[in-house]
Structure formats: C-alpha cells, structure tokens
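When we follow the numbering used here, the leftmost residue of the sequence shown carries the number 9, and every step to the right adds one.
The beta carbon of each residue, even a glycine, is placed where N, CA and C say it ideally should be.
Data block below; observations after.
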Amino acid sequence: MKTRFILIVGLVVLPIAVVCNFPPTLQGAGADEKAVRDADEAWSKAAGSKDVDKTVAFYADDAVVMPPNAERATTKEAIRKIWKDLLTDAKVSWKATKVEVAKSGDIAFISGTYEVTMNDVVTGKPVNDRGKYLEVWEKQTDGSWKCGADIWNSDIPLTSATSDKK
C-alpha cells in the first residue's frame, strides 16, 4: 500500500516538476513567435494602406533600414523618407515565411517574400517587383516587439542596360 501511494504521488509530481523546470524562454517562445508574426502582418497592412506614420512606428528608435540600391537609413527621419517615397507611388505587401525567436527571448528573426507594384520613373508604366526580406526584431522593455534591422532585395535580375552602366 505504501509503495502504491509513493508511486501515485511520483506519477503526479513528476510531470509538474518537469514542466516547471522548462526555462521561461521555452515556455514563452510560442507566444513571442506569434506576437512577432502578428506585428509583421500588421506592419504589412499599414504599408499596404499607405500609412507612413504607422509603417515607421514599427521600427525601434535605433533601427537600421537597408533598401536595395540606396543608402542605409539609421534615423527615424531617414526611415520615414524611404517609406514616404516608396508609398507615394507603390503598392507594397509582404508575408513572413519563417519566424524564429532566439533562445534568449529578446530577439527574433523574420524572413519572407514581398511584392511591389510601382510606376517606372522613365516610362511611367507599371512595374512589378518581387523579392525577399530579412528583419531582426527586438523585444522592448514593455514586452512589445520593434524592428531593429530591415533589409530587402529583388529576385528580378538587373536589366542589361543597368548592367552596362557599371
């Protein structure tokens, strides 16, 4: 009887002890991954609706943005200019294909694909672009997530006319 009691107590206590010993980062990783994915989706919607203020608000104060064929932006003003110029003429959307939260729980990485439709500056005709992006997200002291680094580039090769200019 005593052996049976110890066995039952052990079977009840062991799973609780195992769950309680998981590091907090493992317990919260799923919630953080969802939070970052949701933030990235909301960010894409803000850009899709051409809301420059809302789009720029997803960046951390010390963010670095590296758009293709342009200087990197390291201030909110420079980031705002990139998005203002882009959203004036373009239709933009992106979708995360991979979201990974670091074991530390304070940084996350997103990679995905984007699509942009804009008018060619020379011909005025619509041009479609598609490519990939990589974002590094930082967990803020209030628990929210902000993008600390953002880079994207096209999957479409440069034209021969552009290549000849080198």
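Nearest residue (CA-CA) to residue i, options the options
i: Cys-155; options: Pro-165, Pro-134, Ser-52; result: Ser-52
i: Glu-146; options: Ile-164, Ser-162, Ser-112; result: Ser-112
i: Ala-43; options: Pro-165, Gln-148, Lys-140; result: Gln-148
i: Arg-45; options: Lys-89, Val-73, Val-109; result: Val-109
i: Tyr-122; options: Asp-97, Lys-92, Asp-48, Val-144; result: Asp-48
i: Gly-56; options: Ile-90, Pro-75, Leu-95; result: Leu-95
i: Thr-63; options: Glu-41, Gly-38, Ser-101; result: Ser-101
i: Asp-69; options: Ala-157, Ala-54, Ser-162; result: Ala-157
i: Tyr-141; options: Ala-98, Ile-87, Pro-76; result: Pro-76
Rounded separation between residue i and residue j - CA only
i: Ile-159; j: Ser-152; result: 21 Å
i: Ile-164; j: Pro-134; result: 15 Å
i: Ser-144; j: Leu-166; result: For the sequence presented, residue 144 should be read as Val rather than Ser. Going by the C-alpha atoms only, they are around 27 Å apart.
i: Met-126; j: Trp-91; result: 13 Å
i: Val-21; j: Asp-150; result: No answer about Val-21 holds up, because its pLDDT of 45 lies below 50 and its placement is not dependable.
i: Lys-89; j: Asp-61; result: 11 Å
i: Ala-169; j: Val-72; result: Residue placement at Ala-169 is flagged as unreliable, the pLDDT there being 48, under the threshold of 50; a coordinate-derived value is accordingly withheld.
i: Lys-58; j: Glu-85; result: 17 Å
i: Gly-139; j: Asp-40; result: 26 Å
i: Pro-23; j: Phe-66; result: Reliability fails at Pro-23, whose pLDDT of 48 lies under 50, so the model's placement of it is uncertain and the value that follows must be treated cautiously. Using only the alpha carbons, I get a separation of about 40 Å.
i: Ala-50; j: Asn-136; result: 22 Å
i: Ser-162; j: Gly-38; result: 31 Å
i: Lys-99; j: Val-124; result: 6 Å
Limits of the unbroken beta strand (DSSP E) element including residue i
i: Arg-138; result: 134-147
i: Val-129; result: Counting along the chain, Val-129 falls outside any beta strand (DSSP E), and DSSP gives it neither H nor E.
i: Thr-106; result: Note on residue identity: the sequence assigns Lys, not Thr, to residue 106. Unbroken beta strand (DSSP E) run through Lys-106: 99-109.
i: Ala-78; result: Careful: Ala-78 lies outside any beta strand (DSSP E) and carries neither H nor E.
i: Asp-69; result: 67-74
The alpha helix (DSSP H) enclosing residue i, as first and last residue numbers
i: Lys-154; result: Taken as a continuous stretch (DSSP letters only), Lys-154 belongs to no alpha helix (DSSP H), being part of the beta strand (DSSP E) at 153-162.
i: Asp-114; result: No alpha helix (DSSP H) contains Asp-114, which DSSP labels as neither H nor E.
i: Asp-61; result: 60-64
Validate contact between the segment 130-138 and the segment 103-111 using beta carbons, cut 8 Å, 3 pairs: At 8 Å Cβ cutoff, the stretches do not touch.
Below 8 Å, how does it come out for the segment 76-92 and the segment 112-120: are there three or more Cβ pairs, yes or no? Touching, no.
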